[in-house]
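Taken in sequence, the protein lines are chains A and B. Position in the first sequence counted from 1, then plus 56, gives you the working numbering. Position in the second sequence counted from 1, then plus 6, gives you the working numbering. C-beta atoms are modelled at their ideal positions from N, C-alpha and C, and glycine is treated no differently. Remember, it's a predicted structure, so these values are computed and weren't measured experimentally. See structure below.
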Amino acid sequence: MIKIKNLSHIYNIPRRDPIIALKEINLEIERGEFLTIIGSNGSGKSTLARHINGLLLPTSGDVWVKGMNTKDRECLWKIRQEVGMVFQNPDNQIVATTVEDDIAFGLENMGIDRENMLERVNWALQVVGLEEYRRFEPHLLSGGQKQRVAIAGVIAMHPSFLILDEPTAMLDPRGRKEVIEVIKKLNQEEGITVIFITHLMEEVIESNRVVVLNKGEIALNGKPKDIFLKVDALRSFALDIPQITELAFRLNHKGLKNISPSTLKVEEMVEQLCLYV
Amino acid sequence: MNIFRNISFGQYIPGNSLIHNFDPRVKILGCLLIIINLFLISQFWGFLILGVMVWSGIIISKIHPRFVFRGLRTIIYLILFTMLLHLFMTEGEVIFRIWIFKITKEGLINGLFIASRLFILILTTSLLTLTTSPISLTDGIERLLSYFKFIKLPAHEIAMMMTIALRFIPTLLEETEKIMKAQISRGADFESGNIVNRTKNLIPILVPLFVNAFRRADELAIAMEAKGYRGGEGRTHYRELQIHRKDILFFTIITALAIIVGILF
Ligand SMILES: Nc1ncnc2c1ncn2[C@@H]1O[C@H](COP(=O)(O)OP(=O)(O)OP(=O)(O)O)[C@@H](O)[C@H]1O
Ligand SMILES: [Mg+2]
């Protein structure tokens with residue numbers, strides 16, 4: 057479990073005004089959840105993510121991971137193993153010159169013995185579906201494949217939590233789909249708690265819970281369906297609503313009361329429209 | 007236009023010969039022994055024996071001599087130049103004279119020796135890099151350097167730097183190409199004009215490339231830290247290196263030959 061209490065973070069830049077990136081954040085994340093954190097550019101998503109594995113330390117407030125405070129230097133390496141992190145640019149997080157060597161990188165850091173390491177690398181390759189690519193050099197892979205390598209390198213360390221900071225932002229639609237599929241599988245089949253960061257409302261659909269960040273504060277926190285109902289609020293946070301939801305919202309307002317304004321998928325919409333035919 | 011497609015990095019040619027399968031540490035040390043020897047000996051027979059040794063290595067490795075000579079091509083002018091310098095600049099017993107130039111016996115011998123030295127040196131290092139993948143080369147260097155931990159040699163750091171360089175060379179080349187294409191589509195011209203102009207035209211490529219490289223370095227450092235990287239201490243290795251009997255045998259033979267050649271010649 058992750059517990060964030062009264063977390064504030066201020067970036068101090070010499071000879072400029074300090075930037076308040078996070079203000080009094082309170083958040084609890086349960087085991088097995090698929091949580092999406094959404095917010096527009098500069099809303100503090102990455103800053104929040106980096107507090108959870110101790111890459112950044114709070115200006116004030118506390119973050120606990122499984123009861124360990126990130127301020128406690130003794131626990132730092134244990135926390136980094138428990139909280140895996142995948143970043144936006146797949147090119148800039150792959151360290152080694154082949155896929156399998158890169159997946160082993162985190163395990164080497166942990167000091168795992170070789171036999172165990174081989175087993176975990178094989179498992180991670182299989183989970184992300186890249187078994188045939190184990191000897192490939194990273195620059196020969198597509199964006200989606202590279203991002204799956206990055207995910208494999210993190211899950212090989214057997215973390216309880218996986219934070220993904222806009223992992224799909226640099227991918228084409230196909231790569232995006234591949235990555236989302238893998239993340240869903242990790243959450244449902246491997247029981248890894250997922251914290252998914254995005255600025256696209258479409259990507260919220262798969263999650264159990266959504267936290268909306270706005271100017272460093274938690275603006276909304278709830279189930280995707282409920283969040284989508286707050287169309288005006290979302291717009292004011294500079295977030296785009298998926299077209300299909302927007303359509304449902306307008307139809308509902310025009311008097312088609314059988315159409316739920318929080319319709320998220322095209323199939324759902326089709327079913328509801330069929331009732332009127 | 008694919009500017010960088012035909013540049014090959016590392017010259018490694020995969021294979022399954024005896025030489026390919028020796029432990030990289032043994033290969034690197036063997037290479038070093040031969041090179042040290044090259045600079046110790048001063049008799050014709052010494053060069054002949056070392057040359058034959060290295061050439062047999064190339065034959066055993068089943069690598070086409072074409073690849074070996076490709077490595078030589080870039081350096082051949084340097085070899086010729088140093089040879090000529092020695093030929094004309096050494097004082098001694100004159101055996102030949104054209105106009106103001108004179109060739110001495112000592113000059114002739116020195117020139118030939120220097121040329122053979124460089125020639126065999128290139129053959130030896132080519133044999134090493136042609137038969138050893140960059141990864142095992144890096145691994146080998148790391149393990150060898152780690153024997154010098156007692157003088158605080160940062161073995162792991164050096165190896166990590168080599169790995170990251172190898173990993174990012176293709177990425178940076180791809181990026182260079184992308185930037186060049188973007189500039190060309192805006193009317194930049196990299197192919198005509200004098201050398202000053204051409205160099206000037208490179209600036210709009212180099213600036214974004216460097217800026218991006220620093221950003222990459224920053225992000226990579228954060229990603230490494232997030233995966234619990236904290237230097238070489240307590241780190242285990244995914245790739246294991248094992249010394250087999252054939253490695254010991256190979257190393258013994260090379261050492262023995264090197265000592266004999268060194269003493270005799
Ligand atoms: N290293 C830093 N130094 C100074 N200010 C920073 C730094 N990192 C972020 N900020 C500032 O803190 C605020 C929040 O940034 P953050 O990166 O957390 O936002 P984000 O929601 O991740 O945005 P994006 O969608 O662009 O990734 C921004 O105003 C940003 O300019
Ligand atoms: Mg961000």
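Alpha-carbon to alpha-carbon, residue j and residue i
i                : j                : result
leucine 54/B     : isoleucine 120/B : 13 Å
isoleucine 228/B : isoleucine 150/A : 11 Å
alanine 181/A    : asparagine 116/B : Correcting the residue type first, residue 181/A is leucine in the shown sequence and not alanine. Approximately 58 Å, taken between the alpha carbons.
leucine 263/B    : isoleucine 249/B : 20 Å
tryptophan 133/A : proline 298/A    : 39 Å
isoleucine 82/B  : arginine 76/B    : 10 Å
histidine 214/A  : valine 184/A     : 14 Å
leucine 127/B    : alanine 160/A    : 36 Å
lysine 281/A     : lysine 321/A     : 11 Å
threonine 154/A  : arginine 191/A   : 6 Å
arginine 236/B   : glutamate 164/A  : 11 Å
leucine 161/B    : aspartate 145/B  : Note that residue 161/B corresponds to alanine in the displayed sequence, not to leucine. Between alanine 161/B and aspartate 145/B, the C-alpha separation is close to 10 Å.
threonine 258/B  : proline 140/B    : 25 Å
threonine 135/B  : lysine 33/B      : 10 Å
arginine 79/B    : lysine 101/A     : 55 Å
valine 60/B      : asparagine 43/B  : 13 Å
glutamate 156/A  : threonine 242/B  : 15 Å
alanine 289/A    : valine 268/A     : 10 Å
proline 114/A    : methionine 325/A : 44 Å
glutamine 144/A  : methionine 226/A : 7 Å
leucine 104/A    : leucine 78/A     : 7 Å
proline 373/A    : arginine 173/B   : Given that chain A is displayed from residue 57 to residue 333, the structure contains no residue 373/A and the question cannot be resolved.
Delimiting residues of the alpha helix (DSSP H) encompassing residue i
i                   : result
isoleucine 106/B    : No alpha helix (DSSP H) holds isoleucine 106/B; DSSP gives it neither H nor E.
tyrosine 83/B       : 82-95
lysine 233/B        : It is not in any alpha helix (DSSP H) - lysine 233/B carries neither H nor E in the DSSP assignment.
valine 326/A        : 322-330
threonine 182/B     : 161-191
methionine 166/A    : 155-166
phenylalanine 252/A : Element bounds for phenylalanine 252/A: not the alpha helix (DSSP H) but the beta strand (DSSP E), 249-254.
methionine 173/A    : 170-183
Min CB distance residue i to chain B below 8 Å
i                   : result
glutamate 164/A     : yes
arginine 176/A      : no
phenylalanine 305/A : no
isoleucine 108/A    : no
valine 151/A        : yes
leucine 104/A       : no
Chain A contact for residue i (CB, 8 Å cutoff)
i                : result
glycine 21/B     : no
proline 176/B    : yes
arginine 251/B   : no
alanine 219/B    : no
leucine 226/B    : yes
isoleucine 82/B  : no
leucine 136/B    : no
histidine 92/B   : no
isoleucine 185/B : no
leucine 172/B    : yes
arginine 79/B    : no
alanine 165/B    : no
arginine 222/B   : yes
Residue i at chain C interface by Cβ criterion, 8 Å
i               : result
histidine 162/B : Any reference to chain C falls outside this structure, whose protein chains are A and B.
Host beta strand (DSSP E) of residue i (start-end)
i                  : result
aspartate 118/A    : 116-121
histidine 65/A     : 58-67
phenylalanine 50/B : Premise fails: phenylalanine 50/B lies in the alpha helix (DSSP H), 50-66, not in any beta strand (DSSP E).
glutamate 80/A     : 75-85
tryptophan 217/A   : Note that residue 217/A is phenylalanine in the sequence shown here, rather than tryptophan. Start and end: 217-221.
Per-residue burial, residue i [other beta carbons within 10 Å of its own, 16 or more giving buried]
i               : result
glutamine 49/B  : exposed
glutamine 203/A : buried
glutamate 222/A : buried
arginine 176/A  : buried
leucine 112/A   : buried
valine 205/A    : buried
alanine 165/B   : buried
glutamine 201/A : buried
serine 62/B     : exposed
leucine 63/A    : buried
Proximity below 8 Å, CB of residue i to CB of residue j
i                   : j                : result
threonine 249/A     : arginine 87/A    : yes
lysine 68/B         : glycine 21/B     : yes
asparagine 68/A     : alanine 232/B    : no
isoleucine 271/B    : isoleucine 47/B  : Correcting the residue type first, residue 271/B is phenylalanine in the shown sequence and not isoleucine. Contact: yes.
glycine 140/A       : valine 210/A     : yes
valine 266/A        : glycine 278/A    : yes
phenylalanine 252/A : isoleucine 261/A : no
lysine 286/A        : serine 99/A      : no
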